[in-house]
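Chemist: The structure's right below; bear with me while I get my questions together.
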Amino acid sequence: MKKSLSLLMAAVFCLANSANAFAQAQQQEQPSEFKTYRAPQKDITSVLTAAKKFDNSMTYAAPKPFPIYDAGTDKWIDYAKYGEFQNAGTENYKYVVKEYDALKKASGEGIYPNTQSIYKSPDYAKFIKEKKLEGDKWKFVDTDDRQVNFYKWALAKEDPGVKLYYTAYALDKAGNWAHAVKAYYACLVFFPKSIGYTQWKTPWYIAPSCIDRINYLTKMHPELGVKLDGAKVTIKNRFDNDKNNDIFIVNPGKLVKTAKKDFEKKYIDLSKVGVKKVTGTGKVKLTQYENNHFQLTVDGKPYVIRSICYSPTPVGLTPDNGSVNTDRDWSVADYNKNGIVDGAYEAWVDINRNEIQDANEKTVGDFALMKEMGINTIRLYHYPNFNKDLLKDGYENYGLMYMVGNLLGMYAVDSGAEWYKGTDYTDPVQKERMLASVRKMVEDYKNEPYVLLWILGNENNYGTVGTMGVFAGTSNQAQSQPDAYYAFVNECVKLIKELDPQQRPVAICNGDTYLLEYCAKNAPDLDIYGANAYRGEAGFGPLWQDVMDVYEKPVLVTEFGCPAYAKDWTAARAEAGQASYHYGAWTDLEANVAGVAGGVGNALGGVIFEWTDEWWKAGPPPEYDPKAHDITSQWVGPFLDGGAYEEWFGLTSQGNGENSPFKRQLRKAYFMYKDLWEKYRVKK
């Protein structure tokens, strides 16, 4: 969706935002004797049944779509009737209109080239009289008055592609899906090379987003009776921040009539497809088939990674003052001093959300809740000092495996760099320190049966060096040293392969696809391309194909998610929106796993961000209070109201913050996944 996501995101989406979070945090001591609590299955079932019933009582009814004054004479436009497609599938593509007047009538109001029908609309005249259309157009994107947004953008002074995209978006969000599809497709036909800009002044490409929205709407609403066939927009050199070197190869495809059954999945029998390559000599194997589908297996069985970021940080603590190490303390935390790890075993569900533990709200533990949901993997961001007894118990009794990570110099971790100089991937001394850290990671975990794979870095490609008194940065020079950084990643991969007797797969964690071409050029020995990708409810768009085209690797989405908060939204509406976002993201992922016809076949799974809300993430004290559940948006993105509320990404919440870190309120997205993943559930 973008060449580069926020540099701020690189800091806040990691489990710590400074070296102090790892080096100076007060360490929770591991209990001398490992003890667990096993909730009876009847208690777990009773709690989840009651919590789901309560969640279902939280309802939101969306308003009806606003009336379209002029829907156009054609429900779906066959542009070949009104003009000529020239050089489709090449960088010289263009569409030439020959019948302007007829196409205007066919298109309907707000859809190029029809720019006049709106002026005849009584509603438009009313809004003009009421002065509702006055003001900055960017204030008319994610507000609830969708009809006003539609008129504002349809007549805005803006790049024509950007203008038409946001016109379509207003229709889309209002529930006028048919007119929205027409508008998105018109944008794709006429303005496929349009470029917008993010809040960080990085390029955002309109055409791929139009394709994503059309595919999403037609899949989610098969009653529309249409789908986009044959559309593909390839943008060469898009993985940097220089729009001037971009080359667009455009085929807008066409809208074709379809039936609901045409959206049903069809499968490929992989047993009849030849094997090109197998990585791994132990229980974990990564197979590349001759058709370039990739599949991860554990003990010979297909293993789709259903993972989550797990860091149940107590309310009031923050790595910014060294009071907690958010990366590892959860594995040893025992704040009630009973010798049992708190969140994993002693979390309880606030069924009715009254903020107290009622008699029927039995202690069940996060591990049991994850098992019931269908989680099979936890991502460990940086390896040292985890409670191995806990990891082993999670594996043996809750079906959990772990992706063991090394931050590889992000936040200056293990590089020894000064904070305002940042990790230097050309410095041989710093590289030796980081290699020693990678070596220790593998030596510590290589014989553990619960290790699924290794992950290197966490959005290091967004790395920045800050300026004291101005901004902190992330103490990392990878963004300005892409060749050196990815070459070092490859060096680490080779070291891991030397040390790991099981030759488990090695992944990188990149920030989306920024600098993908540098990664492909300098790190050929990586097994998996991992991307933290926050692209919206439509899923991940061209991510799968982009990585296949440039790198020919499988993809693991190492973070994705959505806050359960939006300004002036009710909890019911926000939670429904979060669940819808996750549903769209996961179903897109599943459409691209190995063996699904029509997909790219290189999706290995995803890591949900995150299990429960963390109240420290808005920013450091004293400006932000880790005792308060902050409702300030940290950046703009494709979320419910356009805001990324860092402290609200959990599938569960900690309620009003009392009884932290034990209390869990299960949001609608939790039960959405539980239902969606029923076929995968661990029965052990």
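Letter by letter, the sequence shown follows residues -23 to -1, 1 to 661 in mature numbering (1 follows the signal peptide of the UniProt record, and there is no 0). Think of the CB as a built atom: it goes at the ideal place given N, C-alpha and C, for glycine as much as any other residue. Computed from a prediction, not measured in an experiment: that's the story for all the values here.
1) Relative to the C-alpha of Tyr375, which residue among Asp421, Cys539, Ala321 is closest?
2) Run through the segment 179 to 267 for me and flag every whole beta strand (DSSP E) of 3 or more residues, listed as ranges in chain order.
3) According to the Cβ coordinates, are Cys486 and Asn509 closer than 8 Å?
4) So if DSSP puts Phe630 in a beta bridge, which residue, or which two residues, is it bridged to?
5) Quick check: what's the CA-CA separation for Ile212 versus Val584?
6) Taking the alpha carbon of His559 as the point to measure from, which residue in Asn126, Phe616, Ile224 has its own alpha carbon closest?
7) Quick check on Ala612: does DSSP put it in helix, strand or coil?
8) Could you please give the first and the last residue of the uninterrupted alpha helix (DSSP H) stretch that includes Leu368?
9) Just to confirm, are Ala394 and Thr403 a CB contact at a threshold of 8 Å?
10) Reducing DSSP to helix, strand and coil, say where Gln1 ends up.
11) Given a cut-off of 8 Å on the beta-carbon distance, is the pair Pro169 and Lys220 in contact?
12) For Leu643, count neighbouring Cβ atoms within 10 angstroms of its own Cβ and tell me buried if that reaches 16, exposed if not.
13) Measure the beta-carbon distance from Ala147 to Asn126 and round it to whole angstroms, keeping in mind my assumption that it falls under 8 Å.
14) Check each candidate in Glu567, Cys539, Gly488, Leu429 and name the one with the smallest Cα separation from Glu624.
15) Does the segment 567 to 585 come close enough to the segment 231 to 246 that 3 or more CB-CB pairs lie under 8 Å?
16) Have a look at Ala102 and Tyr96 and give me their C-alpha separation to the nearest angstrom.
17) To the nearest angstrom, how far is it from the Cα of Gly49 to the Cα of Asn64?
18) Rounding to the nearest angstrom, what Cα-Cα distance links Glu10 and Ser308 in this structure?
19) Exposed or buried, Gln93, counting other C-beta atoms within 10 Å across all chains shown (16 or more means buried)?
20) Would DSSP call Tyr72 helix, strand or coil?
21) Starting from Ala580, trace the beta strand (DSSP E) in both directions and tell me its first and last residue.
22) Helix, strand or coil: how does DSSP classify Pro279 here?
23) Out of curiosity, what's the CA-to-CA distance linking Ser171 and Ala184?
24) If we call anything under 8 Å between Cβ atoms a contact, is Cys641 one with Thr589?
25) Is the number of C-beta pairs between the segment 290 to 301 and the segment 602 to 615 that are closer than 8 Å three or more?
26) May I ask you to list the residues that DSSP assigns as paired with Met418?
27) Quick one: Cα of Leu110 to Cα of Tyr128, how far?
28) Work out the CA separation of Gln479 and Gly257 for me, nearest whole Å.
29) Find out if the Cβ-Cβ distance for the pair Met347, Val381 is shorter than 8 Å.
30) So is Gln272 buried or exposed if we call it buried at 16+ other beta carbons inside 10 Å?
31) Compute the Euclidean distance between the alpha carbons of Leu80 and Thr120, then round it to the nearest angstrom.
32) Could you give the DSSP three-state label for Met445: helix, strand or coil?
33) Lys544 and Gly596 - do their beta-carbons sit closer together than 8 Å?
34) Could you check if Met445 is buried or exposed, using at least 16 other CB atoms within 10 Å of its CB as the buried criterion?
35) Just checking, does the segment 16 to 26 make contact with the segment 526 to 537 on the three C-beta pairs under 8 Å criterion?
36) Quick one: what does DSSP say Leu653 is sitting in, helix, strand or coil?
Modeler: Let's see:
1) Nearest to Tyr375 by alpha-carbon distance, out of Asp421, Cys539, Ala321, is Ala321.
2) Counting only runs of 3 or more, we get 180 to 182, 203 to 206, 209 to 213, 224 to 228, 231 to 234, 252 to 256, 261 to 266.
3) Yes, these two residues count as a Cβ contact at 8 Å.
4) Residue 630 is actually Ser in this sequence, not Phe. In the DSSP output, where bridge partners are listed per residue, Ser630 has Gln642.
5) Those two C-alpha atoms are separated by around 27 Å.
6) Ranking the options by Cα distance to His559, first place goes to Phe616.
7) The question names Ala, yet the displayed sequence has Trp at residue 612. Reduced to three states, the DSSP call for Trp612 is strand.
8) Leu368 -> alpha helix (DSSP H) spans 365 to 375.
9) With a cutoff of 8 Å on beta-carbon distance, Ala394 and Thr403 are scored as not near each other.
10) In this predicted model, Gln1 has a pLDDT of only 40, less than 50, meaning its place in the structure is not dependable; the value taken from the coordinates is given anyway. Gln1: coil per DSSP, three-state reduction.
11) With a cutoff of 8 Å on beta-carbon distance, Pro169 and Lys220 are scored as not near each other.
12) Taking a 10 Å sphere around the C-beta of Leu643, we find 16 or more other C-beta atoms and assign the residue as buried.
13) A Cβ-Cβ separation of about 4 Å places Ala147 in contact with Asn126 under the 8 Å criterion.
14) Here the closest residue by C-alpha is Cys539.
15) Contact between the segment 231 to 246 and the segment 567 to 585 is established, with three or more Cβ pairs separated by less than 8 Å.
16) Rounded to the nearest angstrom, the two C-alpha atoms are 7 Å apart.
17) Per the coordinates, the alpha-carbon of Gly49 lies some 28 Å from the alpha-carbon of Asn64.
18) Straight-line Cα distance between these residues: approximately 14 Å.
19) With fewer than 16 Cβ atoms within 10 Å of its Cβ, Gln93 is classed as exposed.
20) The answer is strand: DSSP assigns Tyr72 an E or B state.
21) Boundaries of the beta strand (DSSP E) harbouring Ala580: 580 to 585, taken from the DSSP string.
22) Of the three classes helix, strand and coil, the one that applies to Pro279 here is strand, per DSSP.
23) Each residue's Cα considered, the two are about 7 Å apart.
24) Per the sequence presented here, residue 641 reads as Arg, with Cys not at that position. Yes, the pair counts as a contact, with Cβ atoms nearer than the cut-off.
25) Contact between the segment 290 to 301 and the segment 602 to 615 is present: 3 or more CB-CB pairs across the two stretches fall below 8 Å.
26) For Met418, which the question treats as bridged, DSSP gives no partner whatsoever.
27) Cα to Cα, Leu110 sits roughly 8 Å from Tyr128.
28) Roughly 6 Å separates the two Cα atoms.
29) At a Cβ-Cβ threshold of 8 Å, Met347 and Val381 do not count as neighbours.
30) Around the beta carbon of Gln272, 16 or more other beta carbons lie within 10 angstroms, which makes this residue buried.
31) The straight-line gap from Cα to Cα measures roughly 31 Å.
32) Here Met445 carries a coil assignment [DSSP, helix/strand/coil].
33) Contact flag unset, no.
34) The Cβ neighbour count for Met445, taken over all protein chains shown within 10 Å, is under 16; the residue is labelled exposed.
35) Not touching, per the Cβ criterion.
36) The three-state reading of DSSP puts Leu653 in helix, counting H, G and I together.
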